[in-house]
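Let me begin by presenting the structure, written as C-alpha cells, before commenting on it.
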Amino acid sequence: EVRRGQVVGIAGVAGNGQRELQEAIAGLRTVTGGSVRLLDRDITAARPRRRSQAGLAYVPEDRLGTGLASGLTIEENLVLKSYRERPHSRLGMLSSSAIAATARELVEDFDVRGARRGMAVSLMSGGNLQRAILARELTRPHDVLLAASPTRGLDVAATAAVRGHIRAETEAGRGV
Numbered sequence: 334e335v336r337r338g339q340v341v342g343i344a345g346v347a348g349n350g351q352r353e354l355q356e357a358i359a360g361l362r363t364v365t366g367g368s369v370r371l372l373d374r375d376i377t378a379a380r381p382r383r384r385s386q387a388g389l390a391y392v393p394e395d396r397l398g399t400g401l402a403s404g405l406t407i408e409e410n411l412v413l414k415s416y417r418e419r420p421h422s423r424l425g426m427l428s429s430s431a432i433a434a435t436a437r438e439l440v441e442d443f444d445v446r447g448a449r450r451g452m453a454v455s456l457m458s459g460g461n462l463q464r465a466i467l468a469r470e471l472t473r474p475h476d477v478l479l480a481a482s483p484t485r486g487l488d489v490a491a492t493a494a495v496r497g498h499i500r501a502e503t504e505a506g507r508g509v
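In my numbering, the protein residues as written are 334 to 509.
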C-alpha cells in the first residue's frame with residue numbers, strides 16, 4: 334500500500350522479483366495471484382493504457398526498451414500517451430505544430446539537454462532519457478508514480494533532478 338505523499342521502496346538483490354513486481358503493477362505482466370488496486374479501484378486486469386488513464390505514472394527501469402520508443406523522435410515520445418487528445422489531435426488528424434509546441438515546453442521545463450526537433454531518442458544520454466520519461470509521465474494527470482530504479486546509472490546532476498521531481502510528487506500529495 335502506498336499512501337498520498339508517501340514514498341515506498343522495494344529493496345533486494347537484483348533478480349529476486351523486483352522487476353516482475355513493477356511490471357505487474359504497470360500492467361506489463363499478468364498478475365497470477367493477488368490484485369493491483371489504485372484509489373480503491375481494482376486495476377488488476379487493466380492494460381497499461383487504462384492504468385495510465387486511471388492515474389498511474391510509470392518510469393520503468395529500461396529507459397529505451399520500455400520507457401521510450403527508440404525508433405521515434407523526442408517529440409513523438411513526449412506525446413506518446415496524449416497524441417489522441419486535443420490539442421495534439423482533432424478528428425483523428427495529428428497536429429504537428431501542437432506536438433512540437435508541447436515537446437518544446439517539456440524539453441525546457443524538464444531540462445532535457447541537447448534535444449533537437451526531430452531527434453531520435455536513441456541518440457540521447459541516459460540522464461536525458463530519464464528526464465524525457467519524467468516529462469511525459471509527470472505532466473499527465475496521475476495519483477501514483479511507479480518509478481523503477483529512477484537514478485540508476487545517472488550522473489550527479491541528473492540524479493539530483495530526478496530526486497527533485499520525486500520530492501515534488503510527494504509534496505503534491507502523490508504516492509511514489
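Glycine included, C-beta positions come from ideal geometry on N, C-alpha and C.
Length of the line joining the Cα atoms of Leu462 and Arg370: For the purposes of this step, residue 462 is identified with residue 129 of the sequence shown, where counting begins at 1. For the purposes of this step, residue 370 is identified with residue 37 of the sequence shown, where counting begins at 1. Going from the Cα of Leu462 to the Cα of Arg370 covers about 29 Å.
Between the CA atoms of Gly366 and Arg469 - distance to the nearest angstrom: Here the question's residue 469 lines up with position 136 in the sequence shown. Here the question's residue 366 lines up with position 33 in the sequence shown. Computed Cα separation, rounded: 31 Å.
Rounded separation between Leu389 and Asp476 - CA only: Locating residue 389 in the sequence shown gives position 56, where the first residue counts as 1. Locating residue 476 in the sequence shown gives position 143, where the first residue counts as 1. Answer to the nearest angstrom: the Cα atoms are 6 Å apart.
Under 9 Å between C-beta atoms of Gly404 and Ala453: Stepping through the sequence shown from its first residue, residue 404 is reached at position 71. Stepping through the sequence shown from its first residue, residue 453 is reached at position 120. When the beta-carbon positions are compared, Gly404 and Ala453 come within less than 9 Å of each other.
Host beta strand (DSSP E) of Leu478 (start-end): Taking the sequence shown and counting its residues from 1, the one referred to as residue 478 is at position 145. Boundaries of the beta strand (DSSP E) harbouring Leu478: Val477 to Ala480, taken from the DSSP string.
9 Å Cβ cutoff met for Lys414 and Ser458: The residue labelled residue 414 in the question sits at position 81 within the sequence shown. The residue labelled residue 458 in the question sits at position 125 within the sequence shown. In this structure, Ser458 does not lie closer than 9 Å to Lys414 by Cβ.
Any 3 or more C-beta pairs closer than 8 Å across the segment 355 to 363 and the segment 372 to 382: Taking 8 Å as the limit for Cβ pairs, the verdict is that the segment 372 to 382 does touch the segment 355 to 363.
Expected contact under 8 Å - CB spacing of Val509 and Glu502 to nearest Å: On the sequence shown, position 176 is the one that residue 509 refers to. On the sequence shown, position 169 is the one that residue 502 refers to. Val509 to Glu502, Cβ: 5 Å. Contact.
Cβ pair Gly447, Asp488 closer than 9 Å: Taking the first residue of the sequence shown as 1, we reach residue 447 at position 114. Taking the first residue of the sequence shown as 1, we reach residue 488 at position 155. No, Cβ-Cβ distance for Gly447 and Asp488 is not below 9 Å.
Environment of Val346 [buried if 16+ CB atoms lie within 10 Å]: To locate residue 346, count along the sequence shown from 1; it is residue 13. The residue in question, Val346, is exposed, as its Cβ has fewer than 16 Cβ neighbours within 10 Å.
First through last residue of the beta strand (DSSP E) which encompasses Val495: Translated into the one-based positions of the sequence shown, residue 495 becomes position 162. No beta strand (DSSP E) contains Val495, which is instead part of the alpha helix (DSSP H) from Val489 to Glu504.
Same chain, Cβ closer than 8 Å to Arg396, five either side skipped, listed in chain order: Stepping through the sequence shown from its first residue, residue 396 is reached at position 63. Within the same chain, Arg396 has close Cβ partners Gly459, Leu462, Gln463 and Ile466.
Helix, strand or coil at Ala390 according to DSSP, with G and I counted as helix: Within the sequence shown, the letter at position 57 stands for residue 390. Three-state result, Ala390: strand.
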